[in-house]
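Here the structure is laid out as structure tokens; the discussion comes afterwards.
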Amino acid sequence: MKLLKFELYKITGNKIFIICFVAFFIMNCFALVYIQTGSYEGQLFGENKGEYNSIIEKCINSANPQKTLNTLKEKYMKEENFTGVELTQKVQSQYDYFESYKTFIDEMESRAESQRKFSVFAEKGSFSYNNIGKTPQDFQHLKGIQLTVGNNTCVETATEFEVTNFLMIVLVVVMCILLFSSERDRGLYPLVRCTKGGRAEAVISKLFALIIVTAVLSALFYMANIVVSGLIFGFGDMGRSVQSVSLFMECPLKVSVNEYIFLWVISKIITFIALSVIFAMLFVVVKNTAKVYVIIILFTAFQFASVLFIDNRSVFAFFKYINLYYFMSGNSIFGEYVNVNLFSQPVNIINVWIGVMTVTVIPGLVITTIVFSRSHHIVRSRLKFRLRTKKIRGSVKIFSGEIYKHYKTSLVFLAIVFLFVFAYSNLTSDLSVQFVNPSESAYNSYMTDLEGKIDSKKEEYLNREQKYFDDLSFERQKIQNDNSLNINEKSSKTGYIDNILETKGKGFERVMEQYSFVKEKSAETKTKPVFINELVCKRLTENTSREWMYFTLLVALVIFSTSNIFACEFKSGMVNLIRCNQFGKARLIATKLLVTVTSTAIFYTLIYLPYMINFVNTFGTKAFDLPLYYMQEFSMLTDSITVFEYIMVCGMVHFASAVAVTSFVFMLSLLMKNNIMTMIVSSGIFLVPSVAVMNMTNVRMSYLFRSNIWQIGVALIGVTAFLIIAISLMTVFIKFCNVRVKR
């Protein structure tokens, strides 16, 4: 028991763990509030939860809820309270869902019978045939279930929030490093495993400590999501049936919302316990911590990619559903109805989850205990001899030595080689516009001639084209009114005209809509009107997936390259030698910083520049000098910032953010004295949020410009980056140089 307490203290008493826990918990709550309140529906329900709950209460207490809703809607319409109208429509949608759910349950058997008539489902003994028969049976007990309207926003937003999953994965890895890696790296394993009984007792205590802390953290994080969402949107009636919430239409369990949340939290706890056991087994079986880090990254990436990219009907669907990340995400276990194909037998995802957890946890604990008890970690003398007699290469000069350690010993040159391949791909990829329909092609053809300042010649051209299409419409109408022609003749003659109107005509309509907008914007800003080819410029200014994908790649490479900058000296014991004189310390810090920032600049150039060169080669620079607010998506802009200036501002923000990340990781490498721990913590702080917000449209530079708050946003990002850089470098200088601050 004492050993278990010591192992628990090893986690909970560690400063790195405490800092990570507090930072991640705050980050999780902040992200939940920001993401949910940043959307339109989040603002609607958050700012009007009292009125929304009042409408729901009136409907519940009314003998005729539909009449009550109509009365309230009419009242709000007279008062021009459009928020109230929208809230009543949200309640109305719940009643509409109740009707569809009743139909969904009552007609399940008849649908199954009709599906069996199709040849693809008719083969007896096949998974499809068995699944059709099983589904009505699983929902039979839900017939006649009582559904009640209520405030669903809390349970929907809390259970669908995904950022917590990533943060918990990082915390689990940090705990595994503290329990299994730190002692091995410091050469303490021979002491903690000096007897046969001590080895087994030691690893069992470590595993129990890991499981206990993982369970507590999981419960704390996910319950916090419920509480925070409830405080923002209101909890609603938690005692009603969970099927009252449309999100859980396919839930096969007859439980209340409260009971569902309890099961949901329990599933998260058990799933993360299974994940922690797998990671612990990796740390024990694989002796090299860097290899473990790579394996964990590949394992997590495979799990994540399987859920995202494997189709439900694919032959590889097995990997999609028997997947730890699938069990973590959203309401996959209890909130959705999924049967997995196991030897042509449909097995419900709940039973699959129970089976996977059992098969993962129990064997994982046994394997970890056996391997830890029997494996050896003592370095043999032959290896020591080789290390002593190995020829020393490199330079004694500070800058040359740091370059050698950084680019060769830390394998940063591999990252640069990878980026050269990435750059070549970006430089040679086809950026030409892929038109969705012929009208887009016609619009692009018009903009090839019209882009730029609108002068009298362009206006005359627009008038001629407008007359051409007006004449075509008149000609078509004339043919339709000609009684001397039969239906086939009319169809034949109008077909050609219709084809022109549906292709070139639609493209010209878009041009004229843009022309009207441009004229209004010109009058508003008192500048000369210009045309911008929105099809082309959108690829440059609003390619949000590329924006975050590039930045996430940059952050990942910065973390990989910078994490070892101080850790290598601490691991080799050379740190005291390189800090032996006063002036050498500051010079060494400056040299290390220069090397890491140079690497960041190289990464940034190889990631961002090739795409821009390819874009210029494909489309030219014609649009670069045009004001951005003449694009309809940026109509709220009041500053006459050009497309080129927009690109430069975004580029500087990304580079400043990358340098801030570099400085912070630079500091962590010194404080943590371990490159793997630095990578894990840095990934949790910077990389995980970058991945989590990749699909969020309101976390973009383009969003700041579209909302006309770009100056405030850029200023905040700049100040934050400056503070991170200043605090990080000051901490490194004080800590490494052992400078005492005078009081």
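The sequence shown runs 598 to 1340 under this note's numbering.
From the three backbone atoms N, C-alpha and C, an ideal C-beta is built for every residue, glycine too.
Per-residue DSSP class, three states only, for residue i
i, result
"Ser651", "helix"
"Lys1123", "coil"
"Ser853", "strand"
"Lys1050", "strand"
"Ser838", "strand"
"Phe1128", "strand"
"Arg977", "Bear in mind that a pLDDT of 45 at Arg977, under 50, signals an unreliable position, so the model cannot answer this."
"Ala660", "coil"
"Arg1107", "helix"
"Val824", "helix"
"Lys1332", "helix"
"Met598", "coil"
"Ile1306", "coil"
"Val1030", "coil"
"Phe758", "coil"
"Glu847", "coil"
"Phe614", "helix"
Residue i versus residue j: straight-line alpha-carbon distance, rounded
i, j, result
"Lys1332", "Ile1277", "22 Å"
"Tyr1112", "Leu1151", "39 Å"
"Phe1200", "Val963", "44 Å"
"Glu1131", "Asn920", "42 Å"
"Asp1095", "Arg1061", "19 Å"
"Gly1104", "Ile1129", "14 Å"
"Phe1148", "Ala1318", "15 Å"
"Phe969", "Gly833", "50 Å"
"Ile742", "Pro662", "18 Å"
"Tyr1300", "Ser1232", "12 Å"
"Gly610", "Lys687", "48 Å"
"Thr1235", "Tyr1226", "7 Å"
"Lys699", "Glu604", "53 Å"
"Lys1116", "Gln691", "44 Å"
"Cys656", "Gly747", "10 Å"
"Lys1064", "Leu1098", "13 Å"
"Thr1215", "Val1127", "21 Å"
"Lys1090", "Leu1082", "10 Å"
"Lys607", "Leu775", "7 Å"
"Met624", "Ser1280", "13 Å"
"Ser992", "Phe1261", "Here the model assigns Ser992 a pLDDT of 47, short of 50, so the residue's position is not dependable and the matter cannot be decided."
"Gln1074", "Phe1114", "29 Å"
"Val1194", "Phe1330", "16 Å"
"Asn909", "Glu759", "21 Å"
"Ser1029", "Ala902", "28 Å"
"Ile1084", "Phe1071", "18 Å"
"Tyr1093", "Arg1303", "41 Å"
"Ser1036", "Lys1101", "6 Å"
"Met1274", "Val619", "17 Å"
"Ser841", "Leu641", "21 Å"
"Phe896", "Met1264", "28 Å"
Per DSSP, the bridge partner or partners of residue i
i, result
"Asn936", "Asn945"
"Pro1224", "Thr1239"
Supposed close pair residue i, residue j - CB separation, criterion 8 Å
i, j, result
"Phe869", "Thr955", "15 Å between Cβ atoms; not a contact."
"Phe622", "Phe763", "Contact doesn't hold; Cβ gap of about 14 Å is too wide."
"Val949", "Val937", "5 Å"
"Ser926", "Trp1145", "The pair is not a contact, with the Cβ atoms about 19 Å apart (cut-off 8 Å)."
"Ser595", "Leu807", "This structure cannot speak to residue 595, because the chain is shown only from 598 to 1340."
"Ala1255", "Val1155", "6 Å"
"Leu1024", "Pro1207", "4 Å"
"Leu883", "Ile892", "It is Val, not Leu, that sits at residue 883 in the sequence shown. Their Cβ separation, rounded to whole angstroms, is 7 Å, which keeps Val883 and Ile892 in contact under 8 Å."
"Phe924", "Ile947", "The Cβ separation is near 10 Å, so there is no contact."
"Ile1204", "Leu1016", "7 Å"
Within-9 Å CB hit, residue i to chain C
i, result
"Leu669", "Going by chain labels, chain C is absent from the structure shown, which holds only one protein chain."
Checklist entry - With contact counted as at least three CB pairs below 8 Å, one residue from each stretch, are the region 664 to 681 and the region 764 to 774 in contact? => result no
Checklist entry - Counting Cβ pairs closer than 8 Å, one from the region 1199 to 1214 and one from the region 1266 to 1281, do we hit at least three? => result no
Checklist entry - Would you call the region 1048 to 1056 and the region 1225 to 1245 touching, i.e. three or more CB-CB distances under 8 Å? => result no
Checklist entry - Okay, do the region 647 to 658 and the region 726 to 740 touch, 3+ Cβ pairs below 8 Å being the bar? => result no
Checklist entry - Taking three-plus beta-carbon pairs below 8 Å as touching, is the region 692 to 711 in contact with the region 800 to 810? => result no
Checklist entry - Contact between the region 875 to 892 and the region 849 to 862: three or more CB pairs below 8 Å? => result no
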